[in-house]
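Residue numbers (full-length UniProt numbering): 1 to 325. Positions of the beta carbon are idealized from the N, C-alpha and C atoms, including for glycine. Everything on this sheet refers to the single structure shown next.
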């Protein structure tokens, strides 16, 4: 039987030169777990030297299985710790001393995730989607090594104090797949509704950049409608069958508060091209979303100008009436 504690101790020792070993730097509050997902249980913690609150994601996978895997995990996690972008939640490091598994440490974000955020109908999801597209472009074009997200959806987008989108859990399905003693296949059931059909049909189920673009379209659909795609389906086979039948139908205007215009729907459908190679790249998504937002601003400006003009005319008519009488 493998000595899991020894493997984790080895991982901890090797993590130190990378500057990502936080075993002695975090106080974990074990009384309350805030999120239970298929990949991890999330606790709140505190950095001892600064008092900064952090989220500690305790992976549901046990420790890495062998020395080669430990090295791979360290390389991936170290890569993530070098990511710095306004729309990507930074990884601070790892903990190996809790629950015989690896835990990822990230900044604590108070405002929650995008899916919950847009349940307030006054929140317009369109500016958020520009942040999502920019974060995805940054990951895909990262110079050291491109990063595939692999699990893009509303609950993996956190909202900063300024109301900006922050991508989180990037690369996690890839890290978990085949790396740990209790390996979780990618995609997990929790991300199935956002997963591209070609990935579901593949035996390897490797996450890809075109798969991320499909996921962006599904996430846009989710945030516009405030509902999970294919929410009427339950179970792996049922959802997989529905995904294979094609993208969701266009939502009615009322359900999206007139926000899902032809231009935005075109962005979504371009992400769902059955030929994965024909989908736009993340950089193309950024350009398309920027253009759609510019169209939105122009229309809002025209609408505002029209309203102001109407109010001015009404005011003048009122003054004339006063003079007449």
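(message) According to DSSP, is residue 266 part of a helix, a strand, or is it coil?
(response) helix
(message) Excluding the 5 residues flanking residue 229 on each side, which residues of the same chain have their C-beta closer than 7 angstroms to its C-beta?
(response) 193, 194, 218, 221, 222 and 248
(message) For residue 20, count the other beta carbons within 10 Å of its own beta carbon; 16 or more makes it buried, fewer makes it exposed. Which is it?
(response) buried
(request) For the region 252-268 and the region 99-108, state whether three or more C-beta atom pairs, one from each stretch, are separated by less than 8 angstroms. (result) no
(message) Which residues does DSSP list as the beta-bridge partners of residue 107?
(response) Secondary-structure assignment with DSSP links residue 107 through a beta bridge to 54.
(message) By the DSSP assignment, the beta strand (DSSP E) with residue 42 in it spans what residues?
(response) Here the beta strand (DSSP E) through residue 42 covers 40-47.
(request) Label residue 84 either buried or exposed according to how many other C-beta atoms from any shown protein chain fall within 10 Å of its C-beta, with 16 as the threshold for buried. (result) exposed
(message) If I measure Cβ to Cβ from residue 226 and keep anything under 6 angstroms in the same chain, skipping five residues before and after, which residues do I get?
(response) 118 and 119
(request) Pick helix, strand or coil for residue 196, following the three-state DSSP scheme. (result) coil
(request) Can you tell me which of the three DSSP states residue 159 falls into? (result) strand
(request) With residue 114 as the anchor, note down where its alpha helix (DSSP H) starts and where it stops. (result) Counted as a single uninterrupted DSSP element, the alpha helix (DSSP H) harbouring residue 114 occupies residues 114-117.
(request) Can you tell me which of 144, 224 and 240 puts its alpha carbon nearest to the alpha carbon of residue 199? (result) 240
(message) Between the alpha carbons of residue 137 and residue 153, how many angstroms are there, rounded?
(response) 16 angstroms
(request) Report yes if the CB atom of residue 89 is closer than 8 angstroms to the CB atom of residue 109, and no otherwise. (result) With respect to residue 109, residue 89 sits close: the two C-beta atoms are nearer than 8 angstroms.
(request) Sort 197, 276 and 148 by Cα distance to residue 207 and report the nearest one. (result) 148
(request) Measure how close the beta-carbons of residue 210 and residue 276 come, nearest whole angstrom, since I'm counting them as under 8 angstroms. (result) At roughly 4 angstroms, the Cβ-Cβ gap stays under 8 angstroms, so residue 210 and residue 276 are in contact.
(request) Return the first residue and the last residue of the alpha helix (DSSP H) that residue 352 is part of. (result) A query on residue 352 cannot be resolved here, the shown segment of the chain reaching from 1 to 325 and no further.
(request) Reducing DSSP to helix, strand and coil, say where residue 31 ends up. (result) strand
(message) Taking DSSP's pairing of strands, which residues face residue 85 in a bridge?
(response) 88
(request) Run the CB neighbour count on residue 155, radius 10 Å, all protein chains shown included, and call it buried at 16 or more, exposed below. (result) buried
(message) Rounded to whole angstroms, what is the Cα-Cα separation between residue 295 and residue 54?
(response) 39 angstroms
(message) Run through the DSSP bridge pairs and tell me what residue 93 is partnered with.
(response) 105
(message) For residue 25 and residue 161, I'd like the C-alpha separation in whole angstroms.
(response) 25 angstroms
(message) Please return the same chain residues whose Cβ sits closer than 6 angstroms to the Cβ of residue 168, not counting the five positions on each side in sequence.
(response) 89, 156 and 158
(request) Pull up the distance between the alpha-carbon of residue 255 and that of residue 29, whole angstroms please. (result) 40 angstroms
(request) For the beta strand (DSSP E) holding residue 167, just list the boundary residues, first then last. (result) 165-167
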